[in-house]
Amino acid sequence: MWQRPVWKFASVTLVFILVFTSVFLRFNLFGNEPDTVLASNIALNSQEVPGLLDGKGEIRVLNVDVTGFTARVICGRDVSNIVQADVDLKARRVTRAQRFSGLFVPELAESQKADAVNIAGNDMRVRQMMMQGPVSEK
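Here my numbering is used: the first residue of the sequence shown is 105, the next is one more, and so on.
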């Protein structure tokens, strides 16, 4: 019976392992991170974003939209303290940052308003507050 040399088998195996790791484990081998994570890190580590937010504490990323080599990161400390940062992923920098004041809630359709009232009315805590009446300010 004819046998192949061991070095040929070893080299084929090594090539297979290298191809496998480069294709399936590229993220871990080369340290590449997804664009959403990269954009979030750029925004949070910039001078612009923390400078636009009031107070101290953790800044949370609420949303990241990536289009090509640009990303829009929405982040803040609370719902009344929000910043939108436009990030250039190639240059790895914030190109524009803008602060929003207050919570933006879209107007509800009449059917949605009725559903919201029904849901709230079925909550025992809401019923108790309704039975107590309005709270007077002192």
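Cβ coordinates follow ideal geometry from the N, Cα and C atoms, glycine included.
Per the coordinates, the alpha-carbon of Leu166 lies some 12 angstroms from the alpha-carbon of Ala189.
Across the set Leu193, Ser215, Ile121, Gln232, the C-alpha of Leu193 shows the shortest separation from the C-alpha of Asn145. Shown here, Leu212 sits in coil according to DSSP, grouped into three states, outside any helix or strand. The beta carbon of Ala147 sits closer than 7 angstroms to the beta carbons of Val153, Val177, Cys179, Ala189, Val191, Val198 from its chain, once the five residues preceding and following it are set aside; these are given in chain order. In the three-state reduction of the DSSP assignment, Ala175 falls in the strand class.
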